[in-house]
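Mapping to numbering that gives the first Met the number 0: the sequence shown position 146 is 145, numbers consecutive.
Every residue gets a Cβ at the ideal spot worked out from N, C-alpha and C, and that includes glycine.
In this text the structure is predicted, and so the values were computed from the model without any measurement.
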Amino acid sequence: MLKIAHRGAKAYEPENTLQAFQKALNLNSDGIELDVHLSSDEHIIVIHDETIDRTTNGKGLVNDFTLVELKSFLIDGKYQIPTLIEVFDLVDKKCLINIELKGLGTASKIVALIEKYISEKNWKYEDFIISSFEWNMLEETANLNSNIPIGVLTEEDINTALAFAEKIKAKAIHPDFNLLNIENVQQMQEKGFLVLPWTVNTEEDIQKVKSYNVNGIISDNPDKI
Ligand code: G3P
Ligand code: CA
0 MLKIAHRGAK AYEPENTLQA FQKALNLNSD GIELDVHLSS DEHIIVIHDE
50 TIDRTTNGKG LVNDFTLVEL KSFLIDGKYQ IPTLIEVFDL VDKKCLINIE
100 LKGLGTASKI VALIEKYISE KNWKYEDFII SSFEWNMLEE TANLNSNIPI
150 GVLTEEDINT ALAFAEKIKA KAIHPDFNLL NIENVQQMQE KGFLVLPWTV
200 NTEEDIQKVK SYNVNGIISD NPDKI
C-alpha cells in the first residue's frame, strides 16, 4: 500500500512547495504527487493552477512569467514556487515522484528531464509516474519514451480509463476514489494495472478504499494511511 502525499503533505504545509515535499519525506511517504506548468522561458514549474492568483501574492498566468519573475512571488508570505528540478534534487530518489501534467507543452520537457536524471544521476524509471487528465499528453509521453510509467487519471468513468490504459500500456489508473468499488478495483488489477485513487483524506474514506485492496492512496495527510 503506497502512501502518496498529494501536492506534498498538503494538510501540513502549503501545497506544491519544497516545504510540503520535505514534510512528505519526514512522514515516510512512499511518494509525492505534484502538478506542473511551463514558465514563459520554458522552465518546468511546480504549481497546481494555470494562474498564480490562488497560491501566491501575485496575479496572472504562470506561462506569462519567466522563472525569475515567478520566483519573486511568495506563497504564504515566505515560500517560493519551486521548479521540478528543485523537487527532484530535494527528493533525490528517496521516494516515488508522481508528476501530473497540467500545462500545455509539459510532456516533452518532462520526458527529457527524466531521461537526463536516468542517464546522468542514476535515477530509475520506477522513480517516476506521469499522470494527467489530459490523455493526449499521456499518449505523447508514451510515444516519446515507452519506458516511462504512466498513470491514467479519471474522474468520470473507469471503463473508458481502463480501455485507454490498455491502449497506451499504462502502469496505473488513478481514479477519483468515489468511482471505486471492490469489483472494479479487482477488474483493473486483473488487467495488470495498479490502482492509485485520490484524494482520500478522512479516516473513514481511507478505511473504505483500503477494504477494496487498492495499491496505494494519494492523500493530503499520508500519515493517516
Ligand atoms: O493526482 C490526483 C489529483 O491530484 C488530481 O486532482 O486537482 O488535485 O490535481 P488535482
Ligand atoms: Ca494533482
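### Query
Who's in the neighbourhood of ligand 2, going by beta-carbon under 6 Å from any heavy atom, listed in chain order?
The set of residues with a C-beta under 6 Å from any non-hydrogen atom of ligand 2 comprises Glu32, Asp34 and Glu99, given in chain order.
### Message
Less than 8 Å between the C-beta atoms of Ile96 and Gly30, yes or no?
### Response
Taking the sequence shown and counting its residues from 1, one reaches residue 96 at position 97. Taking the sequence shown and counting its residues from 1, one reaches residue 30 at position 31. Yes, Cβ-Cβ distance for Ile96 and Gly30 is below 8 Å.
### Query
Taking 8 Å as the CB-CB cut-off, is His47 touching chain E?
In summary, chain E is missing from the structure at hand, where a single protein chain is found.
### Query
In the DSSP assignment, what residue or residues form a beta bridge with Leu100?
Within the sequence shown, residue 100 is the residue found at index 101, counting from 1. For Leu100, which the question treats as bridged, DSSP gives the partners Val35.
### Message
Do Phe20 and Val90 have their beta-carbon atoms positioned less than 8 Å apart in this structure?
### Response
The residue you call residue 90 lines up with position 91 of the sequence shown. The residue you call residue 20 lines up with position 21 of the sequence shown. Yes, these two residues count as a Cβ contact at 8 Å.
### Query
Closer than 7 Å: is that where the CB of His36 sits relative to any heavy atom of ligand 1?
The sequence position of residue 36 within the sequence shown is 37, counting from 1. Not a single heavy atom of ligand 1 lies less than 7 Å from the C-beta of His36.
### Task
Locate the beta strand (DSSP E) running through Leu137, then write down its first and last residues.
Residue numbering aside, residue 137 sits at position 138 when the sequence shown is read from its first letter. That residue, Leu137, is in no beta strand (DSSP E); its alpha helix (DSSP H) goes Trp134 to Leu143.
### Query
Going by alpha carbons, who is nearest to Phe176 out of Ser107, Glu155 and Lys101?
Within the sequence shown, residue 176 is the residue found at index 177, counting from 1. Closest by alpha carbon: Glu155.
### Query
Under 7 Å from any heavy atom of ligand 1, does the C-beta of Trp197 make it?
Residue numbering aside, residue 197 sits at position 198 when the sequence shown is read from its first letter. Checking the Cβ of Trp197 against ligand 1 gives yes.
### Message
Does the distance between the C-beta of Ile217 and the nearest non-hydrogen atom of ligand 1 fall short of 7 Å?
### Response
Here residue 217 refers to the residue found at position 218 when the sequence shown is read from its first residue. In terms of side-chain proximity, the C-beta atom of Ile217 is found nearer than 7 Å to a non-hydrogen atom of ligand 1.
### Task
Verify the contact flag: Ser130, CB atom, against every heavy atom of ligand 1, threshold strictly below 7 Å.
Counted from its first residue, the sequence shown places residue 130 at position 131. Indeed, a heavy atom of ligand 1 lies less than 7 Å from the Cβ.
### Message
Suppose contacts are defined by Cβ-Cβ distances below 8 Å. Is Ile43 in contact with Leu112 by that definition?
### Response
Position 44 of the sequence shown, counted from the start, is the residue given in the question as residue 43. Position 113 of the sequence shown, counted from the start, is the residue given in the question as residue 112. Going by C-beta atoms, Ile43 is nearer than 8 Å to Leu112.
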